[in-house]
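Encoded as structure tokens, the structure appears first; notes follow it.
Number of protein chains: 2
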Amino acid sequence: MGTMGDMTEPRWLTDEEQHVWRAYLHATTLLEDHLDRQLQRDAGMPHIYYGLLVQLSQAPRRRLRMTELAKSAKITRSRLSHAVARLEKNGWVRRENCPSDKRGQFARLTDEGTEVLRRNAPGHVAAVRQALFDRLSPEQVKQLGTIMRVMAEGLEPTDADADLPWLR
Amino acid sequence: MGTMGDMTEPRWLTDEEQHVWRAYLHATTLLEDHLDRQLQRDAGMPHIYYGLLVQLSQAPRRRLRMTELAKSAKITRSRLSHAVARLEKNGWVRRENCPSDKRGQFARLTDEGTEVLRRNAPGHVAAVRQALFDRLSPEQVKQLGTIMRVMAEGLEPTDADADLPWLR
DNA sequence: TCGATATAGTTCAACTTTCAAGGATGAGTC
DNA sequence: GACTCATCCTTGAAAGTTGAACTATATCGA
Numbered sequence: 001m002g003t004m005g006d007m008t009e010p011r012w013l014t015d016e017e018q019h020v021w022r023a024y025l026h027a028t029t030l031l032e033d034h035l036d037r038q039l040q041r042d043a044g045m046p047h048i049y050y051g052l053l054v055q056l057s058q059a060p061r062r063r064l065r066m067t068e069l070a071k072s073a074k075i076t077r078s079r080l081s082h083a084v085a086r087l088e089k090n091g092w093v094r095r096e097n098c099p100s101d102k103r104g105q106f107a108r109l110t111d112e113g114t115e116v117l118r119r120n121a122p123g124h125v126a127a128v129r130q131a132l133f134d135r136l137s138p139e140q141v142k143q144l145g146t147i148m149r150v151m152a153e154g155l156e157p158t159d160a161d162a163d164l165p166w167l168r
Numbered sequence: 001m002g003t004m005g006d007m008t009e010p011r012w013l014t015d016e017e018q019h020v021w022r023a024y025l026h027a028t029t030l031l032e033d034h035l036d037r038q039l040q041r042d043a044g045m046p047h048i049y050y051g052l053l054v055q056l057s058q059a060p061r062r063r064l065r066m067t068e069l070a071k072s073a074k075i076t077r078s079r080l081s082h083a084v085a086r087l088e089k090n091g092w093v094r095r096e097n098c099p100s101d102k103r104g105q106f107a108r109l110t111d112e113g114t115e116v117l118r119r120n121a122p123g124h125v126a127a128v129r130q131a132l133f134d135r136l137s138p139e140q141v142k143q144l145g146t147i148m149r150v151m152a153e154g155l156e157p158t159d160a161d162a163d164l165p166w167l168r
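This is the structure we're talking about:
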């Protein structure tokens, strides 16, 4: 239980760490904003919603259980419920009952949703390329991949977290 | 006008690029969620609000014009207005008129706000350290800094954007 | 079979963000 | 000064997110 509350002087960030941290916050928010605007403008939905459609498009039979989809998009089930309701209104997703588990729901990508994805994928890829991959050397792309995987490892929900419902 | 609409086959992402892109999305959302929860729990505000207080704490006389603050936090003025209203309710920020420009407002960090920051800085730094800097080699920290700066360069609002109000 | 507990998903209320106006002041030009 | 246009910030409504409460179904063990 000692994550806080000890009186030892914390290890502050070095100057370099501070600069890197600011650069990180700056770059990641710029990119997220950029992609959000690009997709909102061209596809009529924010980046995260687009991500949901992508997940569905890659799933067998273009459908996933709500909980699966929530996990792979790393959002809460609550948020997903709202999001799917909206996408359903757009006609891009449809809910289906799960025969084997009466509590369950599938979210299925409709043909219309598939079409939206097909139309917007090129623009989205172009945006990601232009912002990221076309600006980094192959070396740097590798480095970025490694670094991101290290970060994720440290943040991955562990089994311990499963006992802590308030973490989700 | 030619950002889209040409019929040439887009350059899709290579396998490696796809993996890196997913790792990026995964890691950055995990980290943002983690910091949001940590600060919401300990300080009673989300990460971005905490960032506003930090900016103010580092400004001369612990105050900034609204537009300056919005720029440095990279959020819209509208969003900032709402956010400051909330922080004002908490007693952590106070608005002050600008004598030299009657349209202007300062947001000033109150003593109470300073105290909240003092109390929560150690926990926040620890979270950032634990998630990032303590897991990366010095080499990787440098690489991350370089990569993030390259990204930001490509996304930085240019003079051209100034003509496009819908970009903000 | 019953009861306890866990899981799937939704809903509600509070809060936050976005988008489109809008009111006020400043700056440039005639 | 008066006109026009830009800038500063706020507002209100709609949309999105969060966290907790809730319904329904499933699962496990006695």
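As they're listed, the protein sequences go chains A and B.
The first sequence begins at 1 in UniProt numbering and counts up one residue at a time.
The second sequence begins at 1 in UniProt numbering and counts up one residue at a time.
All C-beta atoms in this analysis are idealised placements derived from N, C-alpha and C, irrespective of residue type, glycine included.
State the start and end residues of the unbroken alpha helix (DSSP H) segment that holds Gln-58(A). Locating residue 58(A) in the first sequence gives position 58, where the first residue counts as 1. Looking at the DSSP string, the run of the alpha helix (DSSP H) that includes Gln-58(A) is 47-58.
Return the chain-ordered list of same chain residues with a C-beta closer than 8 Å to the C-beta of Glu-88(A), the five sequence neighbours on each side being excluded. The residue labelled residue 88(A) in the question sits at position 88 within the first sequence. Correct list, in chain order: Arg-94 and Arg-95.
Assigned exposure category for Pro-122(A) - 16 Cβ within 10 Å defines buried: The count along the first sequence starts at 1 and reaches residue 122(A) at position 122. By the 10 Å Cβ count, Pro-122(A) comes out buried.
By the criterion of Cβ-Cβ separation under 7 Å, what are the contact partners of Arg-129(B) in chain A? For the purposes of this step, residue 129(B) is taken as the residue at position 129 of the second sequence. Here the neighbours are Arg-11.
Beta-carbon separation of Gly-113(B) and Met-66(B) under 9 Å? Translated into positions along the second sequence, residue 113(B) becomes position 113. Translated into positions along the second sequence, residue 66(B) becomes position 66. Cβ distance not < 9 Å, so Gly-113(B) and Met-66(B) don't count as in contact.
Go ahead and label Gly-44(A) buried or exposed: buried means 16 or more other beta carbons lie within 10 angstroms of its beta carbon, across all protein chains shown. What you label residue 44(A) is simply residue 44 of the first sequence in a count that begins at 1. Under this definition Gly-44(A) is an exposed residue.
For Leu-136(A), which three-state DSSP category applies? Residue 136(A) sits at position 136 when you count from the first residue of the first sequence. If DSSP states are grouped into helix, strand and coil, Leu-136(A) belongs with coil.
Which residues, taken in chain order from the region 18-38 of chain B, show a beta carbon closer than 7 Å to some beta carbon of chain A? His-19, Val-20, Trp-21, Ala-23, Tyr-24, His-26, Ala-27, Thr-28, Thr-29, Leu-30, Leu-31 and His-34
Excluding the 5 residues preceding and the 5 following Phe-106(B) in the sequence, name in chain order all residues of the same chain whose CB lies nearer than 8 Å to its CB. Looking up residue 106(B) in the second sequence gives position 106. Arg-63, Leu-64, Arg-65, Met-66, Arg-95, Glu-96, Asn-97 and Cys-98, listed in sequence order.
For Glu-17(B), count neighbouring Cβ atoms within 10 angstroms of its own Cβ and tell me buried if that reaches 16, exposed if not. As a working note, residue 17(B) is residue 17 in the second sequence. Result: buried.
What residues of chain B sit near Lys-71(A), judged by a beta carbon separation below 8 Å? For the purposes of this step, residue 71(A) is identified with residue 71 of the first sequence, where counting begins at 1. Those within 8 Å of Lys-71(A) in chain B number zero; the least Cβ separation is about 12 Å.
Just to confirm before moving on: does the CB-CB distance between Trp-21(B) and Leu-31(B) stay below 9 Å? Here residue 21(B) refers to the residue found at position 21 when the second sequence is read from its first residue. Here residue 31(B) refers to the residue found at position 31 when the second sequence is read from its first residue. No, Cβ-Cβ distance for Trp-21(B) and Leu-31(B) is not below 9 Å.
Proximity test, Cβ basis, 9 Å: residue 201(A) and chain B: Outside the shown range of chain A, which is 1 to 168, sits residue 201(A), and nothing can be said about it.
Quick check on Thr-29(B): buried or exposed, where buried means 16 or more other Cβ atoms within 10 Å of its Cβ? Counting from one through the second sequence, the residue named residue 29(B) turns up at place 29. That one is buried.
CB contact check: Phe-133(A) to chain B, cutoff 9 Å: On the first sequence, residue 133(A) is found 133 positions in, with the first residue counted as 1. Look at Phe-133(A): its C-beta is under 9 Å from a C-beta on chain B.
Say whether the region 70-90 of chain B touches the region 132-147 of chain B, bearing in mind that this needs 3 or more beta-carbon pairs closer than 8 Å, one atom from each stretch. no
If distances are taken between C-alpha atoms only, which option among Ala-23(A), Ile-48(A) and Gly-145(A) comes closest to Asp-15(A)? Here residue 15(A) is taken as the residue at index 15 of the first sequence, counted from 1. Taking only the C-alpha atoms, the option nearest Asp-15(A) is Ala-23(A).
Compute the Euclidean distance between the alpha carbons of Asp-163(B) and Lys-102(B), then round it to the nearest angstrom. Here the question's residue 163(B) lines up with position 163 in the second sequence. Here the question's residue 102(B) lines up with position 102 in the second sequence. With a pLDDT of only 39 at Asp-163(B), under 50, the local geometry of the prediction cannot be trusted, and the value read off the model is given with reservation. Those two C-alpha atoms are separated by around 25 Å.
At least one CB of chain A closer than 9 Å to the CB of Thr-67(B): is that the case? On the second sequence, residue 67(B) is found 67 positions in, with the first residue counted as 1. It does not: the Cβ of Thr-67(B) has no partner Cβ on chain A nearer than 9 Å.
Nearest by alpha-carbon distance to Ala-127(B): which of His-19(B), Gln-38(B) and Arg-11(B) is it? Position 127 of the second sequence, counted from the first residue, corresponds to residue 127(B). Of the listed residues, the one whose Cα sits closest to Ala-127(B) is Gln-38(B).
Assigned exposure category for Ala-83(B) - 16 Cβ within 10 Å defines buried: Within the second sequence, numbered from 1, the residue matching residue 83(B) stands at position 83. It is buried - the Cβ of Ala-83(B) has at least 16 other Cβ atoms within 10 Å.
Is Asn-120(A) helix, strand or coil by DSSP? By 1-based counting over the first sequence, the position of residue 120(A) is 120. Annotated three-state conformation of Asn-120(A) is helix, per DSSP.
Quick one: which chain B residues come within Cβ less than 9 Å of Lys-74(A)? Here residue 74(A) is taken as the residue at index 74 of the first sequence, counted from 1. Residues of chain B passing the Cβ test: Leu-25, His-26, Thr-29, Leu-30 and Asp-33.
Am I right that Ala-70(A) and Thr-76(A) are in contact with their C-beta atoms under 8 Å? What's the rounded C-beta distance? The residue given as residue 70(A) occupies position 70 in the first sequence. The residue given as residue 76(A) occupies position 76 in the first sequence. Right, the Cβ-Cβ distance comes to about 7 Å (below 8 Å), so this counts as a contact.
My parser needs the alpha helix (DSSP H) runs of 4 or more residues fully inside the region 55-131 of chain B; what are they? Qualifying alpha helix (DSSP H) stretches, in chain order: 66-73, 77-89 and 111-128.
For a cutoff of 9 Å on Cβ pairs, would you count Lys-142(A) as touching chain B? The sequence position of residue 142(A) within the first sequence is 142, counting from 1. Yes, Lys-142(A) lies at the interface with chain B (some Cβ there is under 9 Å from its Cβ).
Going by the CB atoms, is the gap between Leu-144(B) and Gln-40(A) shorter than 9 Å? For the purposes of this step, residue 40(A) is taken as the residue at position 40 of the first sequence. For the purposes of this step, residue 144(B) is taken as the residue at position 144 of the second sequence. No.
Just verifying my parser: in three-state terms, what is the DSSP assignment at Gln-154(B)? Start at 1 with the first residue of the second sequence, and residue 154(B) comes out as number 154. Looking at the sequence shown, residue 154(B) is not Gln but Gly. Three-state DSSP puts Gly-154(B) in a helix.
Three-way DSSP call (helix, strand, coil) for Trp-12(B) in this model: Position 12 of the second sequence, counted from the first residue, corresponds to residue 12(B). Coil at Trp-12(B), not helix or strand.
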